[in-house]
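Those letters in the sequence shown? Residues 47 to 322, per the working numbering, in order. C-beta: ideal position from N, C-alpha, C; glycine also. What follows is one structure encoded as structure tokens, with my remarks underneath.
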Amino acid sequence: MGALPIIDTRSLFRPLDHALQTLLAEMQPVEWELPTVAGTWLVKDVVAHLLDGNLRALSMQRDGYFGEAPPDIEGYDDLVGWLNELNATWVSAMKRVSPKVLTFLHEVTGPATCDYYSSLDPMATAVFAVDWAGEEESLNWMHLAREYSEKWHHQQQIRDAAGLPGIMGSEFFVPFMDTYLRGLPHTFRSVEAPLGTSISVTIDTAGTWYMEKTDASWELFTSPRSTPAATITLDPDLAWKLFSKNIRPEAVTQGVSLSGDEGLARHVLQMVAVMA
Numbered sequence: 047m048g049a050l051p052i053i054d055t056r057s058l059f060r061p062l063d064h065a066l067q068t069l070l071a072e073m074q075p076v077e078w079e080l081p082t083v084a085g086t087w088l089v090k091d092v093v094a095h096l097l098d099g100n101l102r103a104l105s106m107q108r109d110g111y112f113g114e115a116p117p118d119i120e121g122y123d124d125l126v127g128w129l130n131e132l133n134a135t136w137v138s139a140m141k142r143v144s145p146k147v148l149t150f151l152h153e154v155t156g157p158a159t160c161d162y163y164s165s166l167d168p169m170a171t172a173v174f175a176v177d178w179a180g181e182e183e184s185l186n187w188m189h190l191a192r193e194y195s196e197k198w199h200h201q202q203q204i205r206d207a208a209g210l211p212g213i214m215g216s217e218f219f220v221p222f223m224d225t226y227l228r229g230l231p232h233t234f235r236s237v238e239a240p241l242g243t244s245i246s247v248t249i250d251t252a253g254t255w256y257m258e259k260t261d262a263s264w265e266l267f268t269s270p271r272s273t274p275a276a277t278i279t280l281d282p283d284l285a286w287k288l289f290s291k292n293i294r295p296e297a298v299t300q301g302v303s304l305s306g307d308e309g310l311a312r313h314v315l316q317m318v319a320v321m322a
């Protein structure tokens, strides 16, 4: 049994961005106005949010320019509230920008963002910690995996809304789900269980992850050391929507199978791998 290896997503940003550029170029006018699973955001709003991600990465991370100072942040809820406000004001301003201009801006900023991400040393300290994984300081490989997961799930929201083929192949989906599940130990941080208790989490088409209660915490491993006390299997389409907080556990009626300790298995459904 070994700890999970790092996730190196640097080579994935460019093909993922190419898939987005192709998608935007082929979308029909009516598709830009379709509702998505991202709350009140339409497809066009999600595209605008993805553009904001590129601009923030280039300005704040590459250029070290943070612009306006954040308000006093006294905890996770304050941070989420501030980020939600930033997202909302940007999307509101982008209402006046046409789909054609949004597509053009993605064509300009997408490759530059991919170049920047590819240039980073995966083992160096990241400019931002991955808060939803419980990290107070992150290495670049985890920071980049988080950035990759953002780009993956927002593009998938667009495809889902338009009824277009998703990016669910193993090349893109397995690293995405591997990233999200790094938040599982943090989700279980307050869950008590006997030492050595293990849980298996299977995402159909993506693989199985194992988590065990150790002396200090819950930890993820590549294989189980004992028979899992609880197992959960999720449909991949359910998994990405659930862990992105596009649907909540109480709304899940199908696409999940539980066995063993149902309480432990059901707690997996509480994981949220986005800042929300």
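query	result
Under the three-state DSSP convention, the category Tyr111 falls into	coil
Residues of its chain near Val173, where Cβ-Cβ distance is below 6 Å and the 5 sequence neighbours each way are ignored	Gln107
Inter-residue spacing [alpha-carbon to alpha-carbon] between Asp177 and Asn186	14 Å
Touch test, the region 194-212 against the region 83-100, Cβ-Cβ under 8 Å, three pairs minimum	yes
Beta-carbon spacing of Ala314, Leu230 below 9 Å	For the record, residue 314 in the displayed sequence is Val; it is not Ala. Yes, the Cβ-Cβ distance between Val314 and Leu230 is below 9 Å.
Residues that Ser244 bridges to, as DSSP identifies them	Glu258
In DSSP terms, what Glu265 is bridged to	Glu258
Close-in-space but distant-in-sequence residues of the same chain around Arg192 (CB under 7 Å, 5 per side omitted)	Val176 and Thr225
CB contact flag (Ile278, Thr248, <9 Å)	yes
Start-to-end residues for the alpha helix (DSSP H) that takes in Ile204	Asn186 to Ala208
Where Pro116 falls: helix, strand or coil (DSSP)	coil
Rounded straight-line distance, which links the Cα of Ala285 to that of Phe219	11 Å
Contact the region 262-282 vs the region 235-252: 3+ CB pairs below 8 Å	yes
Beta carbon of Ser244 nearer than 9 Å to that of Lys259	yes
Residue span of the alpha helix (DSSP H) that contains Thr82, given as start and end	Thr82 -> no alpha helix (DSSP H), and no H or E assigned at all.
Straight-line Cα distance separating Pro282 from Ala252	8 Å
Distance CB(Pro157)-CB(Leu190) smaller than 9 Å	no
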